[in-house]
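Asker: If you scroll down you'll find the structure; I have some questions about it.
And the structure:
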């Protein structure tokens with residue numbers, strides 16, 4: 088299906104306001120090549136078109152804090168994201184009239200809840216959101232226009248990926264745990280617990296019994312086309328002074344499974360959804376882990392992914 092016929096079937100067409108052009112000009116002029124100037128300009132127009140659409144839907148967005156409006160990020164990456172509160176980052180990719188596919192660069196193949204495709208007319212005075220895709224990596228970043236999902240399905244899609252309320256880790260120290268967070272023996276075998284914690288508990292710097300009781304595990308499922316993997320996400324919090332919390336987050340196979348699937352990724356994401364720490368399983372890994380420190384008020388997420396399947400759990404450390 089040609090792009091012209093796609094546009095005729097859609098209803099969300101809007102004029103591009105002067106404000107969007109001014110912002111696009113400011114951000115694009117900081118680039119070093121004519122090609123990058125043009126690309127950033129188009130990206131920003133697409134972002135502001137999607138932002139208007141999302142706000143019409145009643146969704147909260149934060150354009151200013153998105154990577155697409157960070158001059159440093161724009162210089163070194165090809166990003167056109169918008170942060171959607173309670174959902175994550177949505178990528179907004181522009182196409183012109185002669186396009187029958189939309190190319191999405193590898194920079195944004197992950198850490199995105201979806202990909203909106205926005206048609207810009209020749210004069211750059213009007214924009215039309217053509218449709219969206221949920222993933223791009225399986226097609227190596229090539230999105231055929233004819234295969235996009237329609238906007239009529241976007242609200243339904245969002246209802247399936249809405250992020251739950253972040254886990255309040257401060258409450259764990261008071262013995263209050265959210266539903267689904269279980270003691271280790273409910274998800275791990277005795278052998279797995281001994282492997283991960285046994286030797287550490289016998290050292291001088293080991294976890295105390297009371298601290299060990301705070302450790303919790305949650306079952307996560309990475310469902311793919313042919314097979315689904317059930318894994319245990321383990322969170323080990325420990326107060327290192329009156330304010331900060333040291334954290335170890337581990338990923339284990341569920342009981343009766345000794346090794347993780349190869350190439351499972353686990354990432355620590357900051358409040359903006361940017362990966363700041365990551366680890367990936369190798370062949371015959373029993374578990375992988377991340378170590379970091381969180382301060383009061385910190386909001387962060389742990390994203391676990393394998394191929395095109397992913398699960399994200401969000402956390403925050405409340406003020407004392």
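Numbering (my numbering), first residue to last: 88 to 407. We treat Cβ as the ideally placed atom computed from N, Cα and C, and that holds for glycine.
Which of helix, strand or coil does DSSP assign to residue 154?
Answerer: As a first step, residue 154 is located in the chain shown; it is residue number 67 there, counting from the start. In this structure, residue 154 counts as helix in the three-state DSSP scheme.
Asker: Where residue 380 and residue 261 are concerned, what is the direct C-alpha to C-alpha distance, given to the nearest angstrom?
Answerer: In the chain shown, the residue the question calls residue 380 occupies position 293. In the chain shown, the residue the question calls residue 261 occupies position 174. Between residue 380 and residue 261, the C-alpha separation is close to 19 Å.
Asker: For residue 383, which residues in the same chain have their Cβ closer than 6 Å to its Cβ, ignoring the five residues on either side in sequence?
Answerer: Locating residue 383 in the chain shown gives position 296, where the first residue counts as 1. Excluding residues within five positions, the ones whose Cβ falls inside 6 Å are 330, 404 and 406.
Asker: Can you list the beta strand (DSSP E) stretches of 3 or more residues lying completely in the segment 329-405, in chain order?
Answerer: Runs of the beta strand (DSSP E) inside the segment 329-405: 332-340, 352-356, 362-367, 375-381, 386-393 and 396-403.
Asker: Which one of 101, 359 and 372 has the shortest CA to CA distance from residue 352?
Answerer: In the chain shown, residue 352 corresponds to position 265, counting from 1. Among 101, 359 and 372, the Cα nearest to that of residue 352 belongs to 372.
Asker: How big is the Cα-Cα spacing for residue 175 and residue 181?
Answerer: Locating residue 175 in the chain shown gives position 88, counting from the first residue. Locating residue 181 in the chain shown gives position 94, counting from the first residue. Whole-angstrom Cα-Cα distance: 20 Å.
Asker: Am I right that residue 254 and residue 401 are in contact with their C-beta atoms under 8 Å? What's the rounded C-beta distance?
Answerer: As a first step, residue 254 is located in the chain shown; it is residue number 167 there, counting from the start. As a first step, residue 401 is located in the chain shown; it is residue number 314 there, counting from the start. The pair is a contact, with the Cβ atoms about 7 Å apart (cut-off 8 Å).
Asker: The beta strand (DSSP E) spanning residue 202 covers which residue range?
Answerer: As a working mapping, residue 202 is identified with position 115 in the chain shown. Its beta strand (DSSP E) spans residues 201-207.
Asker: Kindly identify the DSSP beta-bridge partner or partners of residue 267.
Answerer: Here residue 267 is taken as the residue at index 180 of the chain shown, counted from 1. DSSP lists no partner for residue 267.
Asker: Using only alpha-carbon positions, find the residue among 266, 161 and 241 that is nearest to residue 218.
Answerer: Taking the first residue of the chain shown as position 1, residue 218 is located at position 131. Comparing Cα-Cα distances from residue 218 to each of 266, 161 and 241, the minimum goes to 241.
Asker: Buried or exposed: where does residue 334 fall if 16 or more other Cβ atoms within 10 Å of its Cβ makes it buried?
Answerer: Along the chain shown, one-based indexing puts residue 334 at 247. Classification for residue 334: buried.
Asker: Looking only at its own chain, which residues have a Cβ that is under 7 Å from the Cβ of residue 282, when we skip the five neighbours before and after it?
Answerer: Against the chain shown, residue 282 aligns to sequence position 195. So the qualifying residues of the chain are 373.
Asker: Quick check: what's the CA-CA separation for residue 172 versus residue 149?
Answerer: One-based indexing of the chain shown puts residue 172 at position 85. One-based indexing of the chain shown puts residue 149 at position 62. Cα to Cα, residue 172 sits roughly 8 Å from residue 149.
Asker: Taking only three categories from DSSP, how would you classify residue 133?
Answerer: Working through the chain shown from its first residue, we reach residue 133 at position 46. The answer is helix: DSSP assigns residue 133 an H, G or I state.
Asker: Pick from 338, 340, 375 and 389: whose alpha carbon is nearest that of residue 363?
Answerer: One-based indexing of the chain shown puts residue 363 at position 276. Considering only alpha carbons, the answer is 389.
Asker: Keeping to the same chain, check which residues put their C-beta closer than 8 Å to that of residue 408; ignore five residues upstream and five downstream.
Answerer: Residue coverage of the chain in this structure runs from 88 to 407, which leaves residue 408 outside it and unanswerable.
Asker: Tell me whether residue 100 sits in a helix, a strand or coil according to DSSP, three-state version.
Answerer: Numbered from 1 along the chain shown, position 13 holds the residue referred to as residue 100. DSSP places residue 100 in strand when its eight states are reduced to three.
Asker: According to the Cβ coordinates, are residue 280 and residue 303 closer than 9 Å?
Answerer: The sequence position of residue 280 within the chain shown is 193, counting from 1. The sequence position of residue 303 within the chain shown is 216, counting from 1. Against a cut-off of 9 Å, the Cβ pair of residue 303 and residue 280 comes out as no contact.
Asker: Beta-carbon separation of residue 127 and residue 168 under 9 Å?
Answerer: Working through the chain shown from its first residue, we reach residue 127 at position 40. Working through the chain shown from its first residue, we reach residue 168 at position 81. Not a contact, by the Cβ cut-off of 9 Å.
Asker: For a quick check, are the C-beta atoms of residue 111 and residue 132 less than 9 Å apart?
Answerer: Within the chain shown, the letter at position 24 stands for residue 111. Within the chain shown, the letter at position 45 stands for residue 132. Yes.
Asker: Alpha carbon to alpha carbon, how far is residue 220 from residue 265? Give it in angstroms, no decimals.
Answerer: Counted from its first residue, the chain shown places residue 265 at position 178. Counted from its first residue, the chain shown places residue 220 at position 133. Whole-angstrom Cα-Cα distance: 32 Å.
Asker: With a Cβ-Cβ cutoff of 9 Å, do residue 137 and residue 205 count as a contact?
Answerer: The residue labelled residue 137 in the question sits at position 50 within the chain shown. The residue labelled residue 205 in the question sits at position 118 within the chain shown. Yes, Cβ-Cβ distance for residue 137 and residue 205 is below 9 Å.
Asker: Among 106, 238, 316 and 337, which residue has its Cα nearest to the Cα of residue 201?
Answerer: Position 114 of the chain shown, counted from the first residue, corresponds to residue 201. Of 106, 238, 316 and 337, the residue nearest in Cα terms is 238.
Asker: Alpha carbon to alpha carbon, how far is residue 391 from residue 210? Give it in angstroms, no decimals.
Answerer: As a working mapping, residue 210 is identified with position 123 in the chain shown. As a working mapping, residue 391 is identified with position 304 in the chain shown. Distance between the alpha carbons of residue 210 and residue 391: 42 Å.
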